[in-house]
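Q:
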Amino acid sequence: MKKSKLFVSFLTIKSIPLSPDNEYHLNANNIIIYNIYLPDFLNLQSYLYPFLNSIEIKKAQRFYKEIDRNRFIIYRAILKLLLGAYTRLDVKNIYLDYDFNKKPYLASHPWLHFNISHSENFASIAISRKKVGIDIEYLSEDFKYSSLLPDVFDDSERVIIQNSNDKKKTFYMLWTRKEAFVKALGKGIDEDFKYIPCSDGQHYVDFNLIKNSQNWQVYTFDLADYYLGAIAFEGLASNLNNIEMYNMPNNMKDLLRMKPRQS
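So the sequence shown is residues 2 to 264, counted in the numbering used here.
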């Protein structure tokens, strides 16, 4: 039976401010993460709103809480600005399509892979020429995770959590790894989620489990205090210097500089 290799580890990467003069070009191995600290963008919500199309506006209006509605407007508009920067498309002409597991993609630019995750005050967007998935989580003190363990982790993973000095952080570390990987696969959370490997080291994964024959890497990274993230992408032995992480600027002048220049 065909097996894929999956390498899982921790990645030390520093998030730096995004330069207004950044070049939006992807090499074959580039993995770019863009972080958005949402409270810093709330005063820009009215400026970002016009970048949403009618479908996205209806989706925003379905959020019951105003804070959730505003957060969606912010990270969806910034995602479209980033996609416009990489594709040279006018943001108004960017319409996201969705596969059967509701993973978004651009039918007009199938080479551009992207994924987004949101948790409390942060949103993170991953962009690459490789299939990519990202998950970030707020390490909530109130979240009772114990009842989930038998359903989402195998015996060895539960032992790792139980033997950890920081059980809650270890739970989130392993959870985000699984979540980022299934998002990269476009698989979603299903009955096989429990059997997705997430401990450190190299694993061999059956084709029947992930319905994919490629090799993969998954890395945990620190996002901020009380936030943890994981990034998953195709391939092995990639140069980790090609993974970059940026903080998005919280002013419209710099955000608008991402828009394609009209010739």
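Idealized CB from N, CA, C, for every residue including glycine.
Applying the 10 Å Cβ sphere with the 16-neighbour rule, what's the burial state of Thr13?
A: Under this definition Thr13 is an exposed residue.
Q: What residues in its chain sit with their C-beta under 8 Å from that of Tyr99, if we drop five residues either side in the sequence?
A: These residues qualify, in order along the chain: Pro105, Tyr106.
Q: Opposite Lys6 in the DSSP bridges: which residues?
A: Tyr205
Q: Pull up the CB-CB distance for Lys184 and Gly134, whole angstroms please, since I reckon it's below 8 Å.
A: 3 Å
Q: Per DSSP, what kind of secondary structure is Asp69 in: helix, strand or coil?
A: Judged by DSSP in its simplified three-state form, Asp69 adopts helix.
Q: Around the C-beta of Ile58, are 16 or more other C-beta atoms found within 10 angstroms, so that it is buried, or is it exposed?
A: Here Ile58 is exposed: its Cβ has fewer than 16 other Cβ atoms, across all protein chains shown, within 10 Å.
Q: Does the beta-carbon distance from His119 to Tyr76 come in below 8 Å?
A: yes
Q: Run the CB neighbour count on Leu237, radius 10 Å, all protein chains shown included, and call it buried at 16 or more, exposed below.
A: exposed
Q: Nearest by alpha-carbon distance to Tyr48: which of Phe222, Asp136, Leu82, Asp191 is it?
A: Leu82
Q: Could you please give me the residues that DSSP links to Pro18 through a beta bridge?
A: Paired residue(s): Asn248.
Q: Lys132 to Arg258, Cα distance in whole Å?
A: 27 Å
Q: Counting beta carbon pairs with one atom in the stretch 9-27 and one in the stretch 205-213, are three or more of them shorter than 8 Å?
A: Contact between the stretch 205-213 and the stretch 9-27 is absent, because fewer than three Cβ pairs lie under 8 Å.
Q: In whole angstroms, give me the CA-to-CA distance for Leu241 and Ser125.
A: Taking the straight line joining both Cα atoms gives about 19 Å.
Q: With a 10 Å radius around its C-beta and 16 neighbouring C-beta atoms as the bar for buried, classify Ala108 as buried or exposed.
A: exposed
Q: Express the C-alpha separation of Pro151 and Ser264 in angstroms, rounding to a whole number.
A: The predicted model places Ser264 with a pLDDT of 44, which falls under 50 and marks its position as unreliable, so this point remains unresolved.
Q: Are the stretch 62-78 and the stretch 24-43 touching, with three or more C-beta to C-beta distances below 8 Å?
A: yes
Q: I need the DSSP call for Trp217, collapsed to helix, strand or coil.
A: DSSP places Trp217 in strand when its eight states are reduced to three.
Q: Jot down the residue ranges of each uninterrupted alpha helix (DSSP H) in the stretch 90-178, minimum 4 residues, whole runs only, in chain order.
A: 150-153, 156-163
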